[in-house]
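Undergrad: Here numbering that gives the first Met the number 0 is used: the first residue of the sequence shown is 0, the next is one more, and so on.
Backbone N, C-alpha and C define an ideal beta-carbon position, used for all residues, glycine too.
Nothing here was measured: the structure is a model prediction, and the numbers come from that model.
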Amino acid sequence: MMTNISDTYPRPVDTPSDERLGCIFSGIQPSGGLHLGNYLGAVRHWVSLQDCARRIFYCLVDCHAITVSQERLREQTLSMAAALLACGIDAERSVLFVQSSNPHHTELGWMLSCVARMGWLSRMTQFKEKAGKDREQASVGLYAYPVLMAADILLYGATHVPVGDDQKQHLELTRDIAQRFNKSYGEDIFSVPEPLIFSSGARVMSLRDGSVKMSKSESSPMGRIDLTDGLDAIASKIRKAKTDSAVLPSKEAGLEGRAEAKNLVGIYAALRGVGIAEVLESVGGMSFAKFKDVLIGVLEEVMVPKGEEMRRLCGDKNYLIEVLRKGRERARALSEERMKKVREAMGFLEVG
Ligand code: TYM
């Protein structure tokens, strides 16, 4: 079942602990910089969820990143850690760590790949999109990607997984794998996690083409706002963003069939933390040139200080390494117990 708690979210900080979400897990690939889609679809929710959950894990999924070739993985992993901290991830309240630093992920990934079915994986639309026309040349890792993702989540007994809309199918697969595993090896081994997909910001589209999502892999940086962008870069990207020739509508129905307008209004609403209808009430009838100035203003307010903080943190490599080292220790200690259970259930010989 898909949970959409956007109506009641964010919960107040003083929510009694028994009403809190159980265990949160989510991940981000250090395959490039953090962009506005990552922030609005996932990371800003990760920050707020720190007040609502009992146990929280945020993972830099470098093993996922290498399913396509990477040239600056080490550097990108550190700067992604800096980006998350700059956005408000608190490494005391949340376990912030690098996937490859806990080998339980790949160990469990292999075990789960013996439970997942080829048919399940061949339905994954993200693989089809990323592999493109020449599927024979895609890495085996790219195909098995969602199984490793299931391992990430199930390893820590996550009950809720906050992600953008594009990860929905992977989460459904994770649930299938957990259920199949429990059926074969023991009912109580894995919790079956719920995706948390918030309606606001769940699918931020490219600034150049409202029909494709904003992504790290889009070849032109003009389609996305990166956290590293200063005000000048942001202003130039927004001013050049594709729009249509009409003015902004005053009702949501007026955005139908206008993908680029819908995207810019959605970005503005998510950054301000208000609904689309409320935004349109105040900007209906406005020209895009004027609306873009308003949007640049809110991006300056919300994103630019985070970018500056990220640059500052990137200058303190020792601090970043120490945060990730502590995260690794906490993550490993917490996954060991479940791995023991899994090895035993699957019948592996324990040799001491
Ligand atoms: P990744 O690195 O592509 O993206 C990280 C998060 O950002 C969200 N996101 C978006 N949200 C809205 N609009 C966009 N244009 C946009 N682009 C990205 C993603 O939905 C994601 O939540 N497979 C995952 C990483 C992963 C993971 C996991 C996630 C690996 N293991 C376990 C959750 C749990 C991914 O590629 O994210």
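Counting pairs of beta carbons, one from the stretch 50 to 60 and one from the stretch 243 to 256, are three or more of them closer than 8 Å?
TA: With a cut-off of 8 Å, the stretch 243 to 256 and the stretch 50 to 60 do not count as touching, because too few Cβ pairs lie within range.
Undergrad: On the CB-based measure, 16 or more other CB atoms within 10 Å of its CB, does residue 11 come out buried or exposed?
TA: Counting from one through the sequence shown, the residue named residue 11 turns up at place 12. Only weak support is given to the placement of residue 11: the predicted model assigns it a pLDDT of 35, under 50, and the question is left unresolved by the model.
Undergrad: Report the residue ranges of all alpha helix (DSSP H) runs contained in full by the stretch 267 to 318; include only those spanning at least 4 residues, in chain order.
TA: Runs of the alpha helix (DSSP H) inside the stretch 267 to 318: 275 to 282, 287 to 301, 303 to 313.
Undergrad: Pick helix, strand or coil for residue 13, following the three-state DSSP scheme.
TA: Translated into positions along the sequence shown, residue 13 becomes position 14. Low local confidence applies: a pLDDT of 36 at residue 13 is under 50, so the model's placement there is unreliable, with the coordinate-based value given in what follows. In the structure shown, residue 13 sits in coil (DSSP, three-state: anything other than H, G, I, E or B).
Undergrad: Could you tell me which whole alpha helix (DSSP H) segments of length 4 or greater appear in the stretch 209 to 251?
TA: 230 to 239, all fully within the stretch 209 to 251.
Undergrad: When we look at the beta-carbon of residue 28 and count the other beta-carbons within 10 Å, is it buried (16 or more) or exposed?
TA: Here the question's residue 28 lines up with position 29 in the sequence shown. Residue 28 should be labelled buried.
Undergrad: Since residue 66 and residue 141 are thought to touch, with beta carbons under 8 Å apart, how far apart are those beta carbons, to the nearest angstrom?
TA: By one-based count along the sequence shown, residue 66 stands at place 67. By one-based count along the sequence shown, residue 141 stands at place 142. With a Cβ gap of about 4 Å, residue 66 and residue 141 count as contacting.
Undergrad: Entirely within the stretch 98 to 139 and at least 3 residues each: give me those beta strand (DSSP E) ranges in chain order.
TA: Runs found: none.
Undergrad: Using the Cα positions of residue 2 and residue 347, report the straight-line distance between them to the nearest angstrom.
TA: By one-based count along the sequence shown, residue 2 stands at place 3. By one-based count along the sequence shown, residue 347 stands at place 348. Here residue 2 scores only 45 on pLDDT, less than 50, and its place in the model should not be relied on; the value that follows carries that caveat. For residue 2 and residue 347, the distance between alpha carbons rounds to 36 Å.
Undergrad: Distance check for residue 333 and residue 208, CA to CA, integer angstroms please.
TA: In the sequence shown, counting from the first residue as 1, residue 208 sits at position 209. In the sequence shown, counting from the first residue as 1, residue 333 sits at position 334. About 43 Å.
Undergrad: Secondary structure at residue 161, three-state DSSP: helix, strand or coil?
TA: The count along the sequence shown starts at 1 and reaches residue 161 at position 162. Reduced to three states, the DSSP call for residue 161 is strand.
Undergrad: So which of 189, 181, 215, 235 has the shortest CA-CA distance to residue 299?
TA: Working through the sequence shown from its first residue, we reach residue 299 at position 300. When only C-alpha atoms are compared, the closest one is 235.
Undergrad: Determine the contact status of residue 153 and residue 115, defining contact as a CB-CB distance below 7 Å.
TA: Here residue 153 is taken as the residue at index 154 of the sequence shown, counted from 1. Here residue 115 is taken as the residue at index 116 of the sequence shown, counted from 1. No, the pair does not count as a contact, with Cβ atoms beyond the cut-off.
Undergrad: Just verifying my parser: in three-state terms, what is the DSSP assignment at residue 25?
TA: The sequence position of residue 25 within the sequence shown is 26, counting from 1. Correct three-state label for residue 25: strand.
Undergrad: I need the boundaries of the beta strand (DSSP E) containing residue 54, first residue and last residue.
TA: By one-based count along the sequence shown, residue 54 stands at place 55. Per DSSP, residue 54 belongs to the beta strand (DSSP E) from 52 to 59.
Undergrad: Classify residue 180 as helix, strand or coil using the three-state DSSP reduction.
TA: Taking the first residue of the sequence shown as 1, we reach residue 180 at position 181. In this structure, residue 180 counts as helix in the three-state DSSP scheme.
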